[in-house]
Amino acid sequence: KAGVTQTPRYLIKTRGQQVTLSCSPISGHRSVSWYQQTPGQGLQFLFEYFSETQRNKGNFPGRFSGRQFSNSRSEMNVSTLELGDSALYLCASSLALNSGELFFGEGSRLTVL
Amino acid sequence: GIQVEQSPPDLILQEGANSTLRCNFSDSVNNLQWFHQNPWGQLINLFYIPSGTKQNGRLSATTVATERYSLLYISSSQTTDSGVYFCAVGQAGTALIFGKGTTLSVSS
Numbered sequence: 001k002a003g004v005t006q007t008p009r010y011l012i013k014t015r016g017q018q019v020t021l022s023c024s025p026i027s028g029h030r031s032v033s034w035y036q037q038t039p040g041q042g043l044q045f046l047f048e049y050f051s052e053t054q055r056n057k058g059n060f061p062g063r064f065s066g067r068q069f070s071n072s073r074s075e076m077n078v079s080t081l082e083l084g085d086s087a088l089y090l091c092a093s094s095l096a097l098n099s100g101e102l103f104f105g106e107g108s109r110l111t112v113l
Numbered sequence: 114g115i116q117v118e119q120s121p122p123d124l125i126l127q128e129g130a131n132s133t134l135r136c137n138f139s140d141s142v143n144n145l146q147w148f149h150q151n152p153w154g155q156l157i158n159l160f161y162i163p164s165g166t167k168q169n170g171r172l173s174a175t176t177v178a179t180e181r182y183s184l185l186y187i188s189s190s191q192t193t194d195s196g197v198y199f200c201a202v203g204q205a206g207t208a209l210i211f212g213k214g215t216t217l218s219v220s221s
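Top line first, the protein sequences correspond to chains U and W. Its first residue numbered 1, the first sequence is counted upward by one per residue in the working numbering. Its first residue numbered 114, the second sequence is counted upward by one per residue in the working numbering.
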């Protein structure tokens, strides 16, 4: 069974631009979570989606947003990019909301110049 | 919120040595996972272990939920075990919170 798929794997943007990242969960998984990983802050929770609704949100500014589609695929968007948004963005899926094991994708590595 | 502390922060071993990584957490949890982050950044699931003991080959893990800690044991380490090991915990209705990780370097 295919794992969690994230696209694109690498991207470079400039300050002020926006970016959209995509995540396809494991088949049958309905919950998708997003995390940001930076050397200084480690792994930080962004948000979690279940049944097309945001169920949990981390402590990030409103420039970070996301959505989930009816097929459980999820996208996250970062607007007005800042240098500090350079990070590895990781998506994880699980069978249900706030329960059980999380499975992560390979991540999308964003560099903001 | 819940605090997660991992120790040691760094660990250097010779191939063949054994090691124990520790994860302490500040409150009761109903989810605890151990991950290994590979050089390309992907978090690989090692164990889902909110309580009890599990083994998978050279790796095993024990969580003592009542005392709020978990241990990851690596036996007969290999160079491919190098990387960062993360413990993550969660409570009902909340997201997984990650520790800062233990960076393991195994040399041949």
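Even glycine gets a Cβ: it sits at the ideal position worked out from N, Cα and C.
Contact with chain W by Ser74 (chain U), beta-carbon distance below 8 Å: no
Test: Ser86 (chain U) CB closer than 8 Å to a CB of chain W: no
Proximity test, Cβ basis, 8 Å: Ser33 (chain U) and chain W: yes
Residues bridged to Val202 (chain W) [DSSP beta-bridge criterion]: W:Leu145 and W:Ile210
The stretch 69–79 of chain U / the stretch 12–31 of chain U touching (three or more Cβ pairs under 8 Å): yes
One or two residues paired with Gln34 (chain U) in a DSSP bridge: Before going on, a small fix: residue 34 (chain U) reads as Trp here, not Gln. The partner list for Trp34 (chain U) (beta bridge, DSSP) reads U:Phe47 and U:Cys91.
Simplified DSSP assignment, three categories, for Leu83 (chain U): If DSSP states are grouped into helix, strand and coil, Leu83 (chain U) belongs with the helices.
Chain-ordered chain U contacts of Asn158 (chain W) [CB-CB under 7 Å]: Glu101 and Phe103
Min CB distance Ser199 (chain W) to chain U below 8 Å: Residue identity differs from the one stated: residue 199 (chain W) is Phe in this sequence, not Ser. Chain U contact via Cβ: present.
Minimum C-alpha distance to Arg171 (chain W) - residue among W:Gly214, W:Thr193 and W:Gly206: W:Thr193
Residue range of the unbroken beta strand (DSSP E) whose run includes Ser183 (chain W): Tyr182 to Ile187
Short CB-CB distance (under 8 Å) between Arg165 (chain U) and chain W: Outside the shown range of chain U (1 to 113) lies residue 165 (chain U), about which nothing can therefore be said.
Alpha-carbon to alpha-carbon, Tyr35 (chain U) and Gln119 (chain W): 19 Å
Under 9 Å from the C-beta of Gly66 (chain U): neighbouring residues of chain W: By Cβ distance, chain W contributes nothing, its closest Cβ being about 13 Å from Gly66 (chain U), past 9 Å.
Coarse secondary structure for Thr133 (chain W), derived from DSSP in three states: strand
Separation of Gln146 (chain W) from Phe138 (chain W), as counted between CA atoms: 12 Å
Chain W residues whose Cβ lies nearer than 9 Å to that of Gly136 (chain U): Outside the displayed range of chain U (1 to 113) lies residue 136 (chain U), so it cannot be described from this structure.
Three-state secondary structure assigned by DSSP to Ala174 (chain W): Note: Ala174 (chain W) maps to strand in three-state DSSP.
Continuous beta strand (DSSP E) stretch holding Ser108 (chain U): start and end: Ser108 to Val112
Phe211 (chain W) at chain U interface by Cβ criterion, 8 Å: yes
Distance, Leu11 (chain U) Cα to Val202 (chain W) Cα: 30 Å
Alpha-carbon spacing of Ser220 (chain W) relative to Leu134 (chain W), whole angstroms: 18 Å
CB contact check: Gln168 (chain W) to chain U, cutoff 8 Å: no
Under 7 Å from the C-beta of Glu48 (chain U): neighbouring residues of chain W: Ala208
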